[in-house]
Amino acid sequence: MSSLVQSVDWLAIAPPTLAAVVGLVVLVADLFVGEARKAVLGWISVAGLAASALLLLPLLAGDRATFCLTGDADACSYVADRFTLVIQLLVLGGALLAALLSVTALKDADKELPEGEYWFLLLSSAAGAALLPASRDLATLIVALEVASLPAFALVGIRRGDRKSSEAALKFFLSSVTATAVSLMGVSFVYATTGTLHLTRIADRIQHVDGQFHTLAQTGVVLTLVGFAFKTAAVPFHFWVPDTYVGAPLPIAAYLSVVGKAVGFSGLILVTVIAFPSYADVWGPALAALAALTMTVGNVGALRQRSTRAYSAVRLLAWSSVGQAGYLLVPIASAAYSKDPQKAIGSTVAYALMYAAVNLGAFAVAALVARTSPLNRISDYRGLYARNPLAALVLGFFLLCLAGLPPGIIGLFAKVTVFSAVVDAGLGWLAVVMAVNVVIALFYYLQWTTLLFRAPEGEPGTHRVPAPITAAIALTAVLGIALSGAPQLVLRFSETGLF
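Here this note's numbering is used: the first residue of the sequence shown is 9, the next is one more, and so on.
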């Protein structure tokens with residue numbers, strides 16, 4: 009019994025635990041709160057996510073670990089290091105902004121969406137997403153991945169009787185379950201060849217696998233990556249993205265675009281650079297090819313969106329998120345070839361922080377426009393400056409950040425750090441592919457941006473902006489502007505501490 013887990017460090021596990029507990033509280037409270045007061049459940053959820061994020065502050069004092077094996081202090085199932093805290097901040101902050109957008113979305117739905125279930129599912133998914141970057145064994149990683157994913161399926165299809173929503177949820181569910189099954193097979197192969205699930209122990213043992221099991225180990229490494237590649241929306245695991253974003257409530261699409269990606273990328277980073285560094289010759293080329301394919305397919309898909317097509321704005325953001333996933337994969341692939349993999353991984357984290365802030369902001373403005381234009385076409389944004397100057401200026405800023413153009417300095421800075429990582433790793437061909445894709449993306453981002461300032465068709469009307477949407481837009485705008493003024497803070501903050 010000497011290898012059983014020991015005492016629990018409650019402070020280390022506090023952020024995801026609090027999110028889960030608040031989710032249970034909201035689910036039980038829903039039974040006792042009358043229909044007229046259901047909105048209070050939303051504000052409890054917002055407060056719970058804010059409190060979970062604040063619980064990260066005491067953990068800045070130093071690395072903490074819990075659920076460790078007694079015979080090996082380095083073999084722990086939960087580690088709260090710098091990397092964990094940065095990703096948990098991204099996850100909980102993204103969930104908080106999605107929750108603010110959801111408060112208005114649920115109010116506008118006029119009782120069509122079940123509020124208690126909605127908030128319970130969102131908080132449960134956020135708890136799983138916050139658990140994943142701290143996971144340091146394959147079993148906990150897969151469990152955290154599923155805890156983050158399963159509630160998301162239900163959230164996508166939560167509109168009762170909506171065929172589009174149900175179809176999106178089914179497509180999301182079936183493709184995700186398939187990817188998870190493949191990953192579990194990979195985990196079983198890795199366990200069969202190493203005899204352990206802890207990432208640090210796998211890294212040691214997988215180097216000394218018997219020759220007859222070498223192919224099995226290689227296969228296990230590749231298959232294990234599939235589930236996380238699916239969550240990142242990497243091509244060819246991306247086909248669920250456009251329909252899922254359109255079918256889901258808009259706040260959930262925003263949540264999936266940021267938090268879902270954070271889950272996938274943190275999982276990929278953990279299994280590649282901690283568990284399988286000796287197999288960099290296997291996962292390095294695979295991720296480099298995935299990155300090139302993903303950014304190209306994503307940007308070409310966004311480029312093909314017609315401005316008058318229903319939901320074209322959401323579809324463009326969906327395809328854009330696929331393209332951005334390609335950029336995020338580039339530094340992880342570079343880590344396989346780099347002399348300083350820590351710096352390469354830091355570039356991915358820095359880019360993820362930039363992307364999270366500005367993409368959530370773009371979805372927040374899309375949620376505002378959707379209140380008066382439910383079909384959310386790109387053409388509906390024509391003349392937005394005449395109707396709501398501040399929203400137009402902010403959305404223009406977010407789109408320029410995603411494109412990597414001034415005044416969106418943080419977007420430019422993030423792309424430069426990714427270019428630096430890929431050049432340092434000697435992957436010149438991948439840098440060329442990325443440069444071509446950046447140019448492609450400029451076209452559709454600038455096209456949308458110029459549309460905001462054109463003369464509106466008909467008389468421009470003004471509409472009241474709900475306080476929760478105002479708060480979400482303001483928070484993301486302030487964050488984007490502040491980071492554009494001091495972009496070096498992102499890279500300093502994104503130092504991972506994984507090695």
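Don't be surprised by glycine CBs; every beta carbon is placed ideally from N, CA and C.
Since we're looking at a predicted model, the values are computed, not measured.
Taking 8 Å as the cut-off, the beta carbon of residue 402 is found closer than this to the beta carbon of residue 485.
Membership of residue 74 in the beta strand (DSSP E) is indicated by the continuous run 72–77.
Per DSSP, the unbroken alpha helix (DSSP H) holding residue 253 starts and ends at 249–255. Out of 397, 425, 386 and 326, the CA that lies nearest to the CA of residue 355 is found in 425. Distance from the CA atom of residue 259 to the CA atom of residue 324, rounded to whole angstroms, is 16 Å.
DSSP places residue 222 in the uninterrupted alpha helix (DSSP H) bounded by 222–239. The Cβ neighbour count for residue 119, taken over all protein chains shown within 10 Å, is under 16; the residue is labelled exposed. For the segment 461–498, the continuous alpha helix (DSSP H) assignments of 4+ residues that do not extend past its boundaries occur at 475–493, in sequence order. Per DSSP, reduced to three states, the secondary structure at residue 344 is coil, with no helix or strand assignment.
Sorting 473, 114 and 302 by C-alpha distance to the C-alpha of residue 246 places 302 at the top. In this structure, the straight-line span from the alpha carbon of residue 445 to that of residue 244 is close to 17 Å.
A residue is called buried when at least 16 other Cβ atoms come within 10 angstroms of its Cβ; residue 218 does not meet this threshold and is exposed.
In the DSSP assignment, residue 118 is bridged to no other residue.
When Cβ pairs closer than 8 Å are counted between the two stretches, the segment 478–495 is seen to touch the segment 410–418, the count reaching three or more. In this structure, the beta-carbon distance from residue 165 to residue 177 falls below 8 Å. Rounded to the nearest whole angstrom, the C-alpha separation of residue 16 and residue 143 is 14 Å.
Residue 44 has its alpha-carbon roughly 43 Å from the corresponding atom of residue 306. Secondary structure note for residue 430: its alpha helix (DSSP H) is the uninterrupted segment 417–432.
The criterion of a C-beta distance shorter than 8 Å is not satisfied by residue 400 and residue 450.
A distance below 8 Å between beta-carbons, with the five flanking residues on each side excluded, links residue 58 to the following residues of its chain, in chain order: 104. In this structure residue 298 does not touch residue 236 by the C-beta definition: roughly 11 Å separates them, more than the 8 Å allowed. DSSP places residue 208 in the uninterrupted alpha helix (DSSP H) bounded by 207–213. Look at residue 145 here: in three-state DSSP terms it is strand.
Annotated three-state conformation of residue 388 is helix, per DSSP. Here the alpha carbon of residue 128 sits roughly 6 Å from the alpha carbon of residue 34. Of the candidates 50, 326, 289 and 388, the residue whose Cα lies closest to the Cα of residue 342 is 289.
Secondary structure note for residue 289: its alpha helix (DSSP H) is the uninterrupted segment 288–311. Nearest to residue 328 by alpha-carbon distance, out of 317, 338, 309 and 339, is 309. For residue 368, the enclosing alpha helix (DSSP H) stretches over residues 349–378. Per DSSP, residue 15 lies in no alpha helix (DSSP H) segment and is marked neither H nor E.
Collapsing the DSSP output to three states places residue 242 in coil. The beta-carbon separation of residue 138 and residue 100, rounded to 6 Å, stays under the 8 Å limit for a contact.
In this structure the segment 249–268 does not touch the segment 212–229; the number of beta carbon pairs closer than 8 Å is below three. Judged by DSSP secondary structure, residue 435 falls outside any alpha helix (DSSP H); it is assigned neither H nor E.
Boundaries of the alpha helix (DSSP H) around residue 171: 171–202.
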